[in-house]
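See structure below.
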Amino acid sequence: MGQVVVAGSINMDVVATADRHPAIGETVAGREVLYFPGGKGANQAVVAAKLGAATMLIGCTGADAFGRDTRAFLAMQGVDLAYVREVAGAGTGTAIITVAKAENTIVVVPGANALVSAADVAAPALRQGDVAVSQFEIPLPAITAFFTRARASGATTILNPAPAMPIDRELMALVDILILNESELGLLASLELHDTDPDARFIAAASTLQTDHRPNICITLGKRGAIALIDGRVHLEAARIVKAIDTTGAGDCFVGAVAANLADGHSLQSAIGYANVAASLCVQRMGAGPSMPTAKEVSAAAG
14 MGQVVVAGSI
24 NMDVVATADR
34 HPAIGETVAG
44 REVLYFPGGK
54 GANQAVVAAK
64 LGAATMLIGC
74 TGADAFGRDT
84 RAFLAMQGVD
94 LAYVREVAGA
104 GTGTAIITVA
114 KAENTIVVVP
124 GANALVSAAD
134 VAAPALRQGD
144 VAVSQFEIPL
154 PAITAFFTRA
164 RASGATTILN
174 PAPAMPIDRE
184 LMALVDILIL
194 NESELGLLAS
204 LELHDTDPDA
214 RFIAAASTLQ
224 TDHRPNICIT
234 LGKRGAIALI
244 DGRVHLEAAR
254 IVKAIDTTGA
264 GDCFVGAVAA
274 NLADGHSLQS
284 AIGYANVAAS
294 LCVQRMGAGP
304 SMPTAKEVSA
314 AAG
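Our numbering numbers the first residue of the sequence shown as 14 and each following residue consecutively.
Here it is, written out as structure tokens:
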């Protein structure tokens, strides 16, 4: 069994719940304010660890209360924090999240996450069979350096290009598996996509990203499930019907679950099915990091 090594962000999520999202310039009454450890990198590491994978996180926090709280939470979930660096004079990353009718809007202030460097990703050992995961909440040069090391060691690389921004050719050439949603795919393919578009439109958009390099691509579509291009073949994964409470972290749950299943030696198609079940459990709970399911819960839900 390989290990999952995540290079990514560590945040404290400050969540306000309300009956609806405010329009621009509008103020609405909220219900409560909640604090949850989060950050895309931390979330993905937490779910991988809770699903039984040996999991290491590379990242930075500030030397502040949010940093202490997030590190304590991550350690309790079984995540190896040997390569999480505390940065004096920097604040821990913070996400301001509004949740209304199970949908969220998010503003992320990167803080110490912006200081993750190529030097931070240079120390951890990687080997064949490991799964290296990253996202776009840390600087791109650090991700490129991380994936360069991973590729040289024979590890599988997974990129979750969120928040959405263009991917340069050097980084794309290092990606084995690209996991993204419709808005992220739309930006990369220079198309306007909606979750109601036909499957063929998503497949065609994903195919445009495979001109120079042919990474496997998985598009997560929430209530519709997922569409994947795996070794040139289309795989459709139907959604599971559940009552969603909070979709924050669902995409991260999916990514981390894919990584954990791959590290356990399963195929990508099998990993996508497993991740689909895990994400369906995540959306039935509040918060990001704390909502991630265990392997026992996923097995029970899968039947």
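Where a beta carbon is used, it is the ideal one built from N, C-alpha and C, also for glycine.
Predicted model, so just to flag it, every value in this text is computed and none were measured.
Helix, strand or coil: how does DSSP classify residue 147 here? Translated into the one-based positions of the sequence shown, residue 147 becomes position 134. Three-state DSSP puts residue 147 in a strand.
Check for me: the beta strand (DSSP E) holding residue 10 runs from which residue to which? Residue 10 lies beyond the stretch modelled for the chain, which goes from 14 to 316, so this question has no answer here.
Beta bridge counterpart(s) of residue 73 as assigned by DSSP: If you number the sequence shown from 1, residue 73 lands on position 60. Looking at the DSSP assignment, residue 73 forms a beta bridge with 98.
Residue 169 in three-state terms, based on DSSP: Locating residue 169 in the sequence shown gives position 156, where the first residue counts as 1. Strand at residue 169.
Report yes if the C-beta distance between residue 19 and residue 57 is below 8 Å; otherwise report no. Along the sequence shown, read from residue 1 onward, the residue named residue 19 stands at position 6. Along the sequence shown, read from residue 1 onward, the residue named residue 57 stands at position 44. Going by C-beta atoms, residue 19 is nearer than 8 Å to residue 57.
N-terminal and C-terminal residue of the alpha helix (DSSP H) that residue 199 is part of: The residue you call residue 199 lines up with position 186 of the sequence shown. Taken as a continuous stretch (DSSP letters only), the alpha helix (DSSP H) holding residue 199 covers 195-202.
Between the beta-carbon of residue 290 and the beta-carbon of residue 257, is there less than 8 Å? Along the sequence shown, one-based indexing puts residue 290 at 277. Along the sequence shown, one-based indexing puts residue 257 at 244. It is not a contact, given that the beta carbons lie outside the stated cut-off.
Rounded C-alpha distance that separates residue 81 from residue 97: Against the sequence shown, residue 81 aligns to sequence position 68. Against the sequence shown, residue 97 aligns to sequence position 84. One C-alpha to the other measures close to 12 Å.
Could you give the DSSP three-state label for residue 179: helix, strand or coil? The sequence position of residue 179 within the sequence shown is 166, counting from 1. Reduced to three states, the DSSP call for residue 179 is coil.
In or out: residue 227 buried (at least 16 other Cβ within 10 Å) or exposed? As a position in the sequence shown, residue 227 is number 214, starting the count at 1. So residue 227 ends up on the exposed side.
Which of helix, strand or coil does DSSP assign to residue 82? Walking along the sequence shown from the start, residue 82 turns up at place 69. In the structure shown, residue 82 falls within a helical segment according to DSSP collapsed to helix, strand and coil.
Closest by C-alpha distance to residue 83, when choosing among 112, 107, 68, 166: Counted from its first residue, the sequence shown places residue 83 at position 70. That would be 107, whose Cα lies nearest to the Cα of residue 83.
Three or more C-beta pairs under 8 Å: does that hold for the segment 241-261 against the segment 198-210? no
Check each candidate in 212, 126, 255, 246 and name the one with the smallest Cα separation from residue 151. As a first step, residue 151 must be located in the sequence shown, where it is residue number 138. Answer by Cα proximity: 126.
Can you have a look at residue 193 and say buried or exposed, based on whether 16 or more other CB atoms are within 10 angstroms of its CB? Your numbering for residue 193 matches position 180 in the sequence shown. By the 10 Å Cβ count, residue 193 comes out buried.
Thinking C-beta only, is residue 24 closer than 8 Å to residue 43? Taking the first residue of the sequence shown as 1, we reach residue 43 at position 30. Taking the first residue of the sequence shown as 1, we reach residue 24 at position 11. For residue 43 and residue 24, no; Cβs fall outside 8 Å.
I believe residue 191 touches residue 172 by the beta-carbon criterion, under 8 Å. Please report the beta-carbon distance rounded to the nearest angstrom. Translated into positions along the sequence shown, residue 191 becomes position 178. Translated into positions along the sequence shown, residue 172 becomes position 159. Indeed they touch by this definition, with Cβ atoms about 6 Å apart.
Residue 272 beta carbon less than 8 Å from that of residue 17: The count along the sequence shown starts at 1 and reaches residue 17 at position 4. The count along the sequence shown starts at 1 and reaches residue 272 at position 259. Yes; because the gap between Cβ atoms is below 8 Å, this pair is in contact.
In terms of residues, what are the limits of the alpha helix (DSSP H) holding residue 39? Here the question's residue 39 lines up with position 26 in the sequence shown. Boundaries for residue 39: no alpha helix (DSSP H) harbours it, and the DSSP string shows neither H nor E there.
Where the beta strand (DSSP E) containing residue 51 begins and where it ends: The residue given as residue 51 occupies position 38 in the sequence shown. Segment 43-51, the beta strand (DSSP E) holding residue 51.
List the residues that DSSP assigns as beta-bridge partners of residue 30. Position 17 of the sequence shown, counting from 1, holds the residue named residue 30. In the DSSP output, where bridge partners are listed per residue, residue 30 has 45, 112.
Would DSSP call residue 310 helix, strand or coil? In the sequence shown, residue 310 corresponds to position 297, counting from 1. Correct three-state label for residue 310: helix.
Within 10 angstroms of its Cβ, does residue 102 collect 16 or more other Cβ (buried), or is it exposed? Taking the first residue of the sequence shown as 1, we reach residue 102 at position 89. Looking at its Cβ environment, which holds fewer than 16 other Cβ atoms inside 10 Å, residue 102 is exposed.
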